[in-house]
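Visitor: Residues -11 to 156 (our numbering) make up the sequence shown, in order.
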Amino acid sequence: MDPVLPDLDLDRRDEPRPDPDLRASLVAWLQHQRHEFQRKWRDLSPEQLAEWSIPPVELSVLGLVRHMQQMEHAYLSWGLGGGDRVEAYGDDDYAGGSAETAGEDLRLYLDEVARADAAIESTPTLETVGRGHGDPLGHTLIKMIDEYALHSGQAHMLRFAALGTLER
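In structure tokens form, the structure reads like this:
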């Protein structure tokens, strides 16, 4: 595996099994959507991750990674857990990043996911409101599943363009 990319199981393609517990189901779907998003990174070099593959659109797979790091923070880590809100990239998420920052950007994203998981775990019920944004956990999980579904689709197309082939 490329040294820039973390060691993730990117070959797995399983969807969550039905669960009568709504919280468990929502968390499983969030994990699934994260995994599908991360699958879009495989086989991409740092240059391909950062490439604006569909000109004139200033968007890359890496820009989406940076954006999702900020979404994980705003909606889950800070949103649920409170504390200091930090915009790691500010307005420079989608169009920012480079081959040189790819490794650090991926690590920052994965670290935020770990913090977000801790915030989810520490939120007792789907109705419990976040200490940062004040929205209930259930609503926040649905929002993040939606964010991942949208941006995974974009990353899928950008991946094809960067690779120059339709590699699923």
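Idealized CB from N, CA, C, for every residue including glycine. All of these numbers come straight from a predicted model, not from anything done at the bench.
Looking at C-beta atoms only, is the number of pairs between the region 35 to 51 and the region 66 to 73 that lie closer than 8 Å three or more?
Guide: As far as the Cβ criterion goes, the region 35 to 51 does not touch the region 66 to 73, which means the pair count is below three.
Visitor: If you draw a straight line from the alpha carbon of aspartate 105 to that of proline 124, how long is it in whole angstroms?
Guide: As a working mapping, residue 105 is identified with position 117 in the sequence shown. As a working mapping, residue 124 is identified with position 136 in the sequence shown. Each residue's alpha carbon lies about 15 Å from the other.
Visitor: Is valine 101 helix, strand or coil when you go by DSSP?
Guide: Your numbering for residue 101 matches position 113 in the sequence shown. Looking at valine 101 - three-state DSSP - the assignment turns out to be helix.
Visitor: Decide if alanine 150 is buried, meaning its Cβ has at least 16 other Cβ atoms within 10 Å, or exposed.
Guide: Within the sequence shown, numbered from 1, the residue matching residue 150 stands at position 162. Its Cβ being crowded by 16 or more others within 10 Å, alanine 150 is buried.
Visitor: As a quick exercise: from Gly126, Glu46, Trp40, pick the residue whose alpha carbon is nearest that of aspartate 9.
Guide: On the sequence shown, position 21 is the one that residue 9 refers to. The shortest C-alpha separation from aspartate 9 is found at Gly126.
Visitor: Compute the Euclidean distance between the alpha carbons of glutamate 39 and serine 140, then round it to the nearest angstrom.
Guide: Taking the sequence shown and counting its residues from 1, the one referred to as residue 39 is at position 51. Taking the sequence shown and counting its residues from 1, the one referred to as residue 140 is at position 152. Rounded to the nearest angstrom, the two C-alpha atoms are 16 Å apart.
Visitor: Between Leu52, Ser65, Gln19, which has its C-alpha nearest histidine 121's C-alpha?
Guide: Taking the sequence shown and counting its residues from 1, one reaches residue 121 at position 133. If we check each option's Cα against that of histidine 121, Ser65 comes out closest.
Visitor: In whole angstroms, what separates the C-alpha of threonine 128 from that of tyrosine 63?
Guide: As a working mapping, residue 128 is identified with position 140 in the sequence shown. As a working mapping, residue 63 is identified with position 75 in the sequence shown. Cα to Cα, the separation comes out at about 6 Å.
Visitor: Taking histidine 55 as the reference, which of Gly118, Gly152, Tyr136, Glu115 has the closest Cα?
Guide: Here the question's residue 55 lines up with position 67 in the sequence shown. Of the candidates Gly118, Gly152, Tyr136, Glu115, the one whose C-alpha sits nearest the C-alpha of histidine 55 is Tyr136.
Visitor: Quick one: Cα of aspartate 134 to Cα of glutamine 21, how far?
Guide: On the sequence shown, residue 134 is found 146 positions in, with the first residue counted as 1. On the sequence shown, residue 21 is found 33 positions in, with the first residue counted as 1. Each residue's Cα considered, the two are about 9 Å apart.
Visitor: Helix, strand or coil: how does DSSP classify valine 45 here?
Guide: Counting from one through the sequence shown, the residue named residue 45 turns up at place 57. It is coil, neither helix nor strand.
Visitor: If arginine 147 sits next to lysine 28, beta carbons under 8 Å apart, how far is it from one beta carbon to the other, in whole angstroms?
Guide: Position 159 of the sequence shown, counted from the start, is the residue given in the question as residue 147. Position 40 of the sequence shown, counted from the start, is the residue given in the question as residue 28. Their Cβ separation, rounded to whole angstroms, is 5 Å, which keeps arginine 147 and lysine 28 in contact under 8 Å.
Visitor: Could you round the C-beta distance between glutamate 115 and glutamine 57 to whole angstroms and report it? I think they count as a contact, below 8 Å.
Guide: Locating residue 115 in the sequence shown gives position 127, counting from the first residue. Locating residue 57 in the sequence shown gives position 69, counting from the first residue. About 27 Å separates the two Cβ atoms, so there is no contact after all.
Visitor: Between alanine 87 and the rest of its own chain, which residues show a CB-CB distance below 6 Å, the 5 nearest in sequence each way excluded?
Guide: Position 99 of the sequence shown holds residue 87. Contacts found: Pro34, Glu35, Ala38.
Visitor: Should glycine 78 go down as buried or exposed, given a rule of 16 or more other Cβ atoms within 10 Å for buried?
Guide: Here residue 78 refers to the residue found at position 90 of the sequence shown. Exposed.
Visitor: Specify the secondary structure class of proline 34 as computed by DSSP and reduced to three states.
Guide: As a working mapping, residue 34 is identified with position 46 in the sequence shown. Proline 34: helix per DSSP, three-state reduction.
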